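Participant: Just add 1189 to the spot in the sequence shown (first one is 1) and you have this note's numbering.
Structure incoming, see below.
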Amino acid sequence: MPSGEIDGHSLFSRTTLSVRSEGDAQWSFTTAPPASAEGQCPCSLFTETAEPGVLEVPDSSPVTLGVRFAPGADGTVTAIRFYKGPGNVGPHSGELWRADGTRIAEGAFTAESAQGWQTLVLDEPVAVTKDAEYIAAYRTTVGRYSYTAGSYAAAFERGPLRVPANGGAYSYDGGFPGDRSAGSYLVDVVFEPDAPVPTAIDRAPADGVLNADPGAPITARFDRAVAAGAQLTVSSPSGPVAGTSALSPDGLELTYTPEAPLAERTRYTATTSGTGGPDATWWFETASADGCPCGLFAGAVPDTASASDGARVELGVGFAPTEDGVVTGVRFYRGAGNAGPHTGTLWDAAGGVLATVSFSATGDAGWQTALFEQPVEVRAGTSYVASYLAPQGGYAVTSEFFTGAPLAVGPLEAAAFNGRYAYGGGFPQDSYRGSNYFVDVVFERG
1190 MPSGEIDGHS LFSRTTLSVR SEGDAQWSFT TAPPASAEGQ CPCSLFTETA EPGVLEVPDS
1250 SPVTLGVRFA PGADGTVTAI RFYKGPGNVG PHSGELWRAD GTRIAEGAFT AESAQGWQTL
1310 VLDEPVAVTK DAEYIAAYRT TVGRYSYTAG SYAAAFERGP LRVPANGGAY SYDGGFPGDR
1370 SAGSYLVDVV FEPDAPVPTA IDRAPADGVL NADPGAPITA RFDRAVAAGA QLTVSSPSGP
1430 VAGTSALSPD GLELTYTPEA PLAERTRYTA TTSGTGGPDA TWWFETASAD GCPCGLFAGA
1490 VPDTASASDG ARVELGVGFA PTEDGVVTGV RFYRGAGNAG PHTGTLWDAA GGVLATVSFS
1550 ATGDAGWQTA LFEQPVEVRA GTSYVASYLA PQGGYAVTSE FFTGAPLAVG PLEAAAFNGR
1610 YAYGGGFPQD SYRGSNYFVD VVFERG
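Dropping the structure here:
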């Protein structure tokens, strides 16, 4: 039967159940709150399908491994989780610490599986404070822990939980895990806010857009009314942008209207604050007078941010420009489970490599962009493929996207029945159910 269900019914948080087998053996267990979808609570940093880049690090030393995090709202931590490889045998203990080194909860993991996510439900939920930093950790006596390099090279955010840059935590002395790492040891918490908090559900321009209209207002829309004093601000590399923030009468939308049109070909950062929930931050770039740089998917969001497929795979999209120009880079949408390093490639229709580029390490989910050292000239009506390598799978996908007419966006077209992949890497030629893997190009008119 499906995991987490009995007779088709979901198991809810902190429910103790007794089970009797046909041979009269009886046992009981306590369920933990499930890992949530993006923006829903109970909230966690990882989904149940997330997997490590390295299943078992060849380190056999006893060690405490953890993650630094801050909640975006007052609430409680109800459980601690970690990902276990088959060589990471028990016993394992879990701990919750304040950033000053005070341990505020601990317990032992029980009834562990041989591999996968393990959960310690705390005897009592632990109250945590908005924006205060904590460390969730577990102790292994045999090492062999799971690890993903670079996950926290930059700050990471999922729902109301935030991890700072270098948010991995560890200690070999058995005490407070105060040492820091840019890698993730796949340690997690289950967090429940005290009350539902506003969450941004739509942003305009969308996160990662490269050709935003310089004269359009900037907006953030929420799933529930925000606090009356909420603000939306906008900044550029040269500093804050002068303008006015306004809240709609129903409290669901913040709008920022600049005093003057934004500059062309400039990256801007928009930030909400004082909403009563976690701050939302996103970036976009404004277009030039000709409407470019151009792409196929702007700030589109996939149905599945990180597929449960953990295999090494190249994902791509076939496209053809309708006018001569240059391709300056490759973009892709990264979900939280898509660990790097990632490389992007531009191919001709026969599989010849025209350019490659490495994406910088990032802990942020969303659209990633990497620019080639030199732009590549492309011709109108000629087919090309843009792709990136996902070394640990976890790619973004929307099935049955390319099943109708060809997609035409500005000076770019993508054929129907598109979406390319190649397991192991290399030129992506295969396609499945017209899936869109959210790979894009950065195109400039000639």
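The C-beta atom is built at its ideal place from N, Cα and C for all residues, glycine as well.
Since we're looking at a predicted model, the values are computed, not measured.
Under the three-state reduction of DSSP, which class applies to GLY1296: helix, strand or coil?
Facilitator: strand
Participant: Out of curiosity, what's the CA-to-CA distance linking ALA1554 and GLU1240?
Facilitator: 16 Å
Participant: Taking the alpha-carbon of VAL1386 as reference, which of ALA1494, PRO1260 and PRO1403 has the nearest alpha-carbon?
Facilitator: PRO1260
Participant: Taking the alpha carbon of TRP1536 as the reference point, which residue from GLY1440, THR1408, PRO1617 and ARG1523 has its own alpha carbon closest?
Facilitator: PRO1617
Participant: If you drop the 5 nearest sequence neighbours on each side, which residues of the same chain put their C-beta closer than 8 Å to that of GLY1499?
Facilitator: The beta carbon of GLY1499 sits closer than 8 Å to those of GLU1240, GLN1581, GLY1582 and GLY1583, all from its chain and outside the five residues before and after it, given in chain order.
Participant: Buried or exposed: where does GLN1557 fall if 16 or more other Cβ atoms within 10 Å of its Cβ makes it buried?
Facilitator: Around the Cβ of GLN1557, a 10 Å sphere holds 16 or more other Cβ atoms; the residue is buried.
Participant: Measuring CB atoms only, is the stretch 1430-1438 touching the stretch 1346-1365, in the sense that at least three cross pairs come out at less than 8 Å?
Facilitator: Because the criterion of three Cβ pairs below 8 Å is not met, the stretch 1430-1438 and the stretch 1346-1365 do not touch.
Participant: Roughly how far, in whole angstroms, is the beta-carbon of PRO1491 from the beta-carbon of VAL1586, given that I think they are within contact range, below 8 Å?
Facilitator: 6 Å
Participant: Less than 8 Å between the beta carbons of SER1285 and PHE1258, yes or no?
Facilitator: The amino acid at residue 1285 is misidentified as Ser; the sequence shows Leu. No, these two residues do not count as a Cβ contact at 8 Å.
Participant: Whole angstroms is fine: what's the gap from TYR1621's alpha carbon to ALA1611's?
Facilitator: 11 Å
Participant: How big is the Cα-Cα spacing for ALA1321 and VAL1352?
Facilitator: So the two alpha carbons sit approximately 11 Å from each other.
Participant: Across which residues does DSSP place PHE1258 in a beta bridge pair?
Facilitator: Bridge partners of PHE1258: TYR1323.
Participant: Distance check for VAL1565 and ASP1468, CA to CA, integer angstroms please.
Facilitator: Cα to Cα, ASP1468 sits roughly 39 Å from VAL1565.
Participant: Just checking my contact of ALA1487 with ALA1525 at CB under 8 Å: how many whole Å lie between their CB atoms?
Facilitator: About 21 Å separates the two Cβ atoms, so there is no contact after all.
Participant: Could you tell me how far apart the beta carbons of THR1475 and PRO1382 are, in whole angstroms, since I believe they sit closer than 8 Å?
Facilitator: Not a contact, Cβ separation roughly 35 Å.
Participant: Under 8 Å: do the stretch 1506-1523 and the stretch 1412-1426 share three or more Cβ pairs, one atom per stretch?
Facilitator: no
Participant: ARG1292 to ILE1390, Cα distance in whole Å?
Facilitator: 35 Å
Participant: Taking contact to mean 3 or more Cβ pairs, one atom from each stretch, closer than 8 Å, check whether the stretch 1559-1578 and the stretch 1444-1462 are in contact.
Facilitator: no
Participant: If you run the structure through DSSP and keep just helix, strand and coil, what is ARG1392?
Facilitator: DSSP places ARG1392 in strand when its eight states are reduced to three.
Participant: Cα-Cα, which of PHE1411, ASN1527 and PHE1590 is closest to VAL1506?
Facilitator: PHE1590
Participant: Out of LEU1451, ILE1324 and VAL1542, state which residue places its alpha-carbon closest to the alpha-carbon of GLY1356.
Facilitator: ILE1324
Participant: Kindly identify the DSSP beta-bridge partner or partners of PRO1314.
Facilitator: The partner list for PRO1314 (beta bridge, DSSP) is empty, contrary to what the question assumes.
Participant: My guess is that VAL1266 and VAL1379 are in contact by the Cβ rule of under 8 Å, so how many angstroms apart are they, rounded?
Facilitator: 7 Å
Participant: Ignoring anything shorter than 4 residues, give me the alpha helix (DSSP H) runs that lie fully in the stretch 1549-1588, in order along the chain.
Facilitator: Taken in chain order, no unbroken stretch of alpha helix (DSSP H) lies wholly in the stretch 1549-1588 with a span of 4 residues or more.
Participant: Got a sec? Which residues, its chain only, sit under 6 Å from PRO1314 by beta carbon, not counting five neighbours each side?
Facilitator: THR1265 and THR1267
Participant: Out of THR1408, ALA1431 and ALA1569, which one is the CA nearest neighbour of LEU1443?
Facilitator: THR1408
Participant: Hey, how far is the Cα of GLU1227 from the Cα of VAL1278?
Facilitator: Here GLU1227 scores only 42 on pLDDT, less than 50, and its place in the model is too uncertain to base an answer on.
Participant: Would you mind stating whether GLY1514 and GLY1635 have Cβ atoms separated by less than 8 Å?
Facilitator: The Cβ atoms of GLY1514 and GLY1635 sit closer than 8 Å to each other.
Participant: Between the beta-carbon of SER1572 and the beta-carbon of ALA1538, is there less than 8 Å?
Facilitator: yes
Participant: Just the Cα atoms here: how many angstroms apart are SER1302 and HIS1281?
Facilitator: C-alpha of SER1302 to C-alpha of HIS1281: approximately 12 Å in a straight line.
Participant: Taking THR1648 and ALA1419 to be in contact with their CB atoms under 8 Å, please state how far apart those CB atoms are, rounded to whole angstroms.
Facilitator: Past the boundaries of the shown model lies residue 1648; the chain is included only from 1190 to 1635, so the question cannot be answered.
Participant: Using the DSSP secondary-structure output, state which residues sit across from PRO1510 in a beta bridge.
Facilitator: PRO1510 is bridged by DSSP to LEU1601.
Participant: Using a 10 Å radius around the Cβ and a threshold of 16 neighbouring Cβ atoms, would you call SER1370 buried or exposed?
Facilitator: Answer is buried; the Cβ neighbour count reaches 16.
Participant: From the DSSP output, which residues share a beta bridge with SER1547?
Facilitator: THR1532
Participant: Tell whether a beta-carbon distance below 8 Å holds between THR1330 and SER1497.
Facilitator: no
Participant: Output the boundary residues of the beta strand (DSSP E) element that contains SER1497.
Facilitator: Premise fails: SER1497 is in no beta strand (DSSP E) and is neither H nor E.
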